[in-house]
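Taken in order, these protein sequences are the chains called A and B.
Taking the numbering used here, the leading residue of the first sequence gets 19, the next gets one more, and so forth.
Taking the numbering used here, the leading residue of the second sequence gets 19, the next gets one more, and so forth.
Even glycine gets a Cβ: it sits at the ideal position worked out from N, Cα and C.
Values in this document were obtained by computation on a predicted structure and should not be read as measured data.
Below you'll find the structure, written out as structure tokens, and then a few comments.
Number of protein chains: 2
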Amino acid sequence: MSVAIALTTIRPLERETLGDRVYGHLRELLMAGRLAPGDKLSLRGTAEVMGVSMMPVREAVSRLVADRALEVAPNRAVRVPIMTVSQFRELTTVRIEIEGFAAQRAATAASADDIARIATLESAFRALSLLVRPDLAEAVRLNKDLHFAIYEATGLPTLAEIIGALWLKAGPVLNLDLGANPDRLATGGAVRFHADALAAIRAGDGPAARAAIAADIRGAADFIIARGGLAAA
Amino acid sequence: MSVAIALTTIRPLERETLGDRVYGHLRELLMAGRLAPGDKLSLRGTAEVMGVSMMPVREAVSRLVADRALEVAPNRAVRVPIMTVSQFRELTTVRIEIEGFAAQRAATAASADDIARIATLESAFRALSLLVRPDLAEAVRLNKDLHFAIYEATGLPTLAEIIGALWLKAGPVLNLDLGANPDRLATGGAVRFHADALAAIRAGDGPAARAAIAADIRGAADFIIARGGLAAA
DNA sequence: AAACCATAACTGTGATCACAGATCACGGCA
DNA sequence: TGCCGTGATCTGTGATCACAGTTATGGTTT
């Protein structure tokens with residue numbers, strides 16, 4: 019009997035369909051920058067790679083297309099959107115406002131547990147960034163976890179989901195670039211801005227938290243725009 | 019030759035698939051409150067009603083589920099999510115912040131054409147609201163067009179899309195309630211708040227525009243919460 | 001007349017087939 | 001040798017079939 023209870027307890031309240039699994043996988047690839055802007059991907063090809071039929075891939079891709087994380091070209095080719103400089107500027111503007119608001123709100127709404135989790139991730143990211151040859155994939159993951167630990171501390175899950183959609187669009191540009199310029203981890207101000215954000219949240223200082231996150235976003239965006247790797251239009 | 023040029027000019031750059039069409043149709047139904055929270059809808063049933071096979075409906079529904087505008091219950095039933103009071107409060111908080119920011123930005127970024135369009139819609143909404151027996155569906159449409167005329171005047175299409183997703187969630191609650199309480203059109207402050215917003219945008223006063231839109235959102239939300247028709251939890 | 005159980009009719013999910021159109025490579029022509 | 005046309009191949013989209021599970025229904029029994 020106890021075994022049966024344990025099983026029913028473990029079973030997730032919503033079972034995960036194959037489409038959900040494929041969606042999660044593609045989402046991770048996009049956020050981590052493993053898929054570069056312009057990369058094409060075929061439904062049948064990815065279906066074969068993932069060992070499923072075309073249907074779950076179709077469902078996952080249609081979701082990502084709806085969120086503008088992927089696009090279907092008029093040629094009927096699914097690819098990661100190629101972002102122009104002005105589109106990237108617009109996305110950065112929206113991110114600074116929305117993520118800035120989230121940080122501000124987190125400063126006054128975060129629980130002690132939230133702050134502890136944020137502090138742990140900040141410490142881990144800082145330690146990793148100062149290594150001579152840091153694991154970039156791990157750095158990307160820690161950076162994401164740190165940011166979303168802050169955003170989820172707002173108590174506004176809708177807001178965190180919106181920001182997730184924004185990161186899905188920005189991921190290919192941001193993290194692909196990071197692979198080409200690993201120095202940004204150390205020379206960029208991310209470590210300092212994260213520390214500022216943590217201190218502001220600890221102090222309950224909303225405006226300071228907003229400023230720190232805004233500076234973090236702006237710093238990375240300016241670096242990428244300066245590199246000039248984005249499309250012209 | 020001139021005929022060929024004319025044809026290539028007329029042809030839409032992105033052809034619309036059946037899935038897109040079904041998505042647009044369901045989206046309108048949700049935003050207009052024609053689908054109430056808790057309403058179930060079957061893939062085969064709606065497919066037959068719309069005269070297509072199940073596939074386009076599947077794609078459209080999967081998109082709406084991804085955006086939390088629909089949900090699939092563990093029973094494998096697709097339905098409009100039933101919103102609790104706390105969820106509605108959270109959604110309202112996010113809307114006030116994001117739509118408020120958009121209004122603020124529109125006040126400084128709107129072009130003369132943008133302002134003219136906003137003024138036209140404001141006038142039409144006001145005229146309709148003051149009728150003794152206004153067409154509710156038309157009022158909902160005008161209200162939506164007016165708000166999005168403001169949001170699109172920001173020059174930030176990403177922001178307008180985010181707000182569209184928020185309206186998709188709020189639509190069933192807001193506009194279904196409006197059908198039950200048509201008086202809200204006249205007694206609620208919508209007409210006044212819209213006029214305030216237009217005046218602020220004309221004056222380039224960002225904070226005032228933000229305050230007007232925030233008051234508009236809060237007014238409708240408070241009215242609905244006071245009615246007590248939402249789920250308890 | 002009320003309760004209960006079996007069966008039939010639905011549900012979404014996944015796989016497979018069909019089709020129009022675009023891409024690409026290969027072979028023939030200039 | 002360079003260019004163009006043409007067929008094979010691959011693309012996403014739509015339809016249909018199969019399946020496991022839930023819901024509703026109708027008949028039987030107490």
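In the DSSP assignment, residue 228(A) falls within the alpha helix (DSSP H) that extends over 224 to 245.
It is roughly 21 Å from the alpha-carbon of residue 35(A) to the alpha-carbon of residue 87(A).
Distance from the Cα of residue 139(A) is smallest, within the candidate group 81(A), 112(A), 167(A), for 167(A). Residue 172(A) sits buried, since 16 or more C-beta atoms from the chains shown fall within 10 Å of its C-beta. Not flagged as an interface residue toward chain A: residue 60(B), since no C-beta distance is shorter than 7 Å. Looking at the backbone, the Cα of residue 131(B) and that of residue 222(B) are separated by about 14 Å. About 5 Å separates the Cβ atoms of residue 72(B) and residue 61(B), confirming a contact at the 8 Å cut-off. Among the bridge pairs identified by DSSP, residue 220(B) is matched with none.
Note that the region 185 to 195 of chain A touches the region 50 to 59 of chain A; at least 3 beta-carbon pairs, one per stretch, sit closer than 8 Å. When secondary structure is reduced to three states using DSSP, residue 94(A) falls in the coil class, being assigned neither helix nor strand. Contact annotation for residue 126(B) against chain A: no contact, minimum CB-CB distance about 13 Å [criterion: below 7 Å].
Our two residues, residue 224(A) and residue 104(A), have alpha carbons roughly 29 Å apart in a direct line. With a cutoff of 7 Å on beta-carbon distance, residue 216(A) and residue 127(A) are scored as not near each other. In this structure, residue 174(A) places its C-beta atom within 7 Å of the C-beta atom of residue 108(B). Within the model, the alpha-carbon separation for residue 149(B) versus residue 47(A) is close to 54 Å. The residue from 203(B), 37(B), 45(B) with its alpha-carbon nearest to that of residue 76(B) is 37(B).
Residue 237(B) and residue 211(B) do touch by the CB rule: their CB atoms are close to 7 Å apart, below 8 Å. Cβ contact annotation for residue 209(A) (same chain, cutoff 6 Å, sequence separation greater than five): 144, 147, in chain order.
Setting aside the 5 residues that flank it on each side, residue 118(A) is surrounded in the same chain by 228, 231, 232, each with a C-beta closer than 6 Å to its C-beta; the list follows chain order.
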